[in-house]
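Counting from 1, one number per residue, gives the positions in the sequence shown under the numbering used here.
All C-beta atoms, glycine included, are put in the ideal place defined by N, C-alpha and C.
Working notes for the structure below.
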Amino acid sequence: MLAYVVKRLLLIPITLLAIIIINFGVIQFAPGGPVEQTIARIQGFNIDATARISGSNSGDLASGSEFKTAQGPGGNSASTYRGARGLDPEIIKEIERLYGFDKPVHERFFQMMRNYLVFDFGTSYYKDRTVVELIIEKMPVSISLGIWTTLLVYLISIPLGIRKALRDGSRFDVWTSGLVIVGNAVPGFLFAILLVVLFAGGSFWQIFPIRGLVSPEWREFTWWELTLDYLWHMVLPVGAMVIGGFAGLTMLTKNSFLEEINKQYVVTARAKGLAERQVLYGHVFRNAMLIVIAGFPSAFIGILFTGSLIIEIIFSLDGLGLLGYEAIIGRDYPIMFATLYVFTLLGLLMGILGDLMYVVIDRRIDFDTREV
1 MLAYVVKRLL LIPITLLAII IINFGVIQFA PGGPVEQTIA RIQGFNIDAT
51 ARISGSNSGD LASGSEFKTA QGPGGNSAST YRGARGLDPE IIKEIERLYG
101 FDKPVHERFF QMMRNYLVFD FGTSYYKDRT VVELIIEKMP VSISLGIWTT
151 LLVYLISIPL GIRKALRDGS RFDVWTSGLV IVGNAVPGFL FAILLVVLFA
201 GGSFWQIFPI RGLVSPEWRE FTWWELTLDY LWHMVLPVGA MVIGGFAGLT
251 MLTKNSFLEE INKQYVVTAR AKGLAERQVL YGHVFRNAML IVIAGFPSAF
301 IGILFTGSLI IEIIFSLDGL GLLGYEAIIG RDYPIMFATL YVFTLLGLLM
351 GILGDLMYVV IDRRIDFDTR EV
């Protein structure tokens, strides 16, 4: 197993590099970068350009669209930025310098990768804070959503899937399958909107809060009041994510149990006179739950970094999903690339952890005998 883990660890830098190169290349052709947005603000608000530039925040990391300057009549530098007409070329150069776009593409890329090796993600273009500080600040919100959603999904899906397998073809199986199909077909954000309309003052009842993890006056609460307030705020966002996420795991659990129940060793165990509970939880459960339990790390990462994006936006939760969304809209490249780097790295590590859980659950599995 050690040799397999080493191989997987060696693949992480190569995978990270490939993903960063692809995304860095795509960004070069994306219009509306930070320089263009700053120019648009200067022109749109008709403010003093020099004062605006002197107050601008620049990132330590330069990664974004490649812009060029053309030579105008008489050798003067004429900017090719859209909307830059009428601005002093020196001001344009100063904006480029502040955001790091005065350097060639390859130089910006290698500088970015050198910084990433020591987890130096630079400074946000617009928030006047380092990217690491922002990620650490937003992480508790996303982790709260991810942990509660993953736990509830597993606590609901596994018992329900086992029950459906044991009563395969019954009325219970049929009507629960209908619920599962609906939960799988309807996106989670539609459930979130429905919950807001019904229970958060949208059109009917004002029962649950819709903004933040705690109330504004949370500092005045006792610890148990704060706990209840936190749980009360989590009901709707976690509920929306659970409804949209339990369907697949439920059917996976059911199918895994059905496959194991029909195997010869189960027939033999029953023929020996073992009670049905002993057969189910002493023999079937471990084999059937292998793929379900081993997939927990990957499921958590998926819920943490992808499933919560729209939910955080709908419920105004200031987490990593909302941070990444605002970075994309505002072309805040340091945050965009840093979150991509961190999420990819965690996803790769969780994939290795998932493989290790296979071995922990079933010692018969040996990845060393298989090619990576």
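In this structure, does DSSP put ALA299 in helix, strand or coil? helix
Which term fits THR150, buried or exposed, when burial requires 16 or more other beta carbons within 10 angstroms of its beta carbon? buried
Assess contact between the stretch 278-296 and the stretch 113-130, defined as three or more Cβ pairs (one per stretch) separated by less than 8 Å. Is contact present? no
Taking only three categories from DSSP, how would you classify ALA200? In this structure, DSSP gives ALA200 an extended state, which the three-state scheme calls strand.
Is it the case that the Cβ atoms of ASP318 and TYR126 are separated by a distance below 8 Å? Not in contact: ASP318 and TYR126 (Cβ atoms no closer than 8 Å).
At what residues does the alpha helix (DSSP H) containing GLY212 begin and finish? GLY212 -> no alpha helix (DSSP H), and no H or E assigned at all.
Let me know the secondary structure DSSP gives THR222 once reduced to three states. coil
In angstroms with no decimal places, state the Cα-to-Cα distance between ASP120 and THR38. 25 Å
Would you give the residue range spanned by the alpha helix (DSSP H) that ALA271 belongs to? 264-271
Along the alpha helix (DSSP H) that carries THR130, what are the first and last residues, could you check? THR130 -> no alpha helix (DSSP H), and no H or E assigned at all.
Proximity to GLY321 [Cα-Cα], best of THR339, LYS7, THR176: THR339
THR123 - partner residues in DSSP beta bridges: THR130
State the CB to CB distance for the pair ALA192 and ILE314, rounded to an integer number of angstroms; the pair is presumed to be in contact (CB under 8 Å). 5 Å
Using the C-alpha atoms, what's the distance from PHE109 back to PHE24? 8 Å
Report the three-state DSSP secondary structure of TYR333 (helix, strand or coil). helix
Can you name the start and end residues of the alpha helix (DSSP H) that LEU17 belongs to? 2-27
Is it right to say ILE207 is buried, meaning 16 or more other beta carbons lie within 10 angstroms of its own, or is it exposed? Label assigned to ILE207: exposed.
Going by beta carbon distance, what residues of the same chain come within less than 8 Å of HIS233, once the five residues before and after it are set aside? PHE208, PRO209, GLY212, LEU213, VAL214, SER215
Relative to the C-alpha of SER308, which residue among GLY188, ASP355, ASP168 is closest? GLY188
Quick one: using the 10 Å Cβ neighbour count with 16 as the cut-off for buried, is LYS254 buried or exposed? buried
Given a cut-off of 8 Å, decide if MET241 and LEU145 are closer than it, judged by their beta-carbon atoms. yes
According to DSSP, is GLY319 helix, strand or coil? GLY319 sits in coil when the DSSP states are folded into three classes, being neither helix nor strand.
Separation of GLY351 from TRP175, as counted between CA atoms: 35 Å
Under the three-state DSSP convention, the category GLY55 falls into: Because the pLDDT at GLY55 is just 47, under 50, the model does not fix this residue reliably, and the point stays unresolved.
Straight-line gap, ALA18 to LEU345 (C-alpha atoms, nearest Å): Each residue's alpha carbon lies about 12 Å from the other.
Among VAL292, VAL266, LEU348, VAL267, whose alpha-carbon lies nearest the alpha-carbon of VAL153? VAL292
Would you give the residue range spanned by the alpha helix (DSSP H) that TRP175 belongs to? 171-185
Cβ of GLY354 within 8 Å of Cβ of GLY273? no
Return yes when the Cβ of ILE335 is within less than 8 Å of the Cβ of LEU323, no when it is not. yes
Nearest to SER316 (by Cα), restricted to the options LEU236, TYR341, ILE22: LEU236
Contacting residues, own chain, Cβ-Cβ under 7 Å from MET139 (five flanking each side not counted): Within the same chain, MET139 has close Cβ partners LEU320.
Kindly indicate which three-state DSSP category GLU36 falls into: helix, strand or coil? In the three-state DSSP reduction, GLU36 falls in the helix class (H, G or I).
Suppose you measure from the CA of LYS388 to the CA of LYS93; what does that come to, to the nearest Å? Here the chain comprises residues numbered 1 to 372, so residue 388 is not present and cannot be evaluated.
Pair within 8 Å by beta-carbon distance, PHE257 and ALA299: No; because the gap between Cβ atoms is not below 8 Å, this pair is not in contact.
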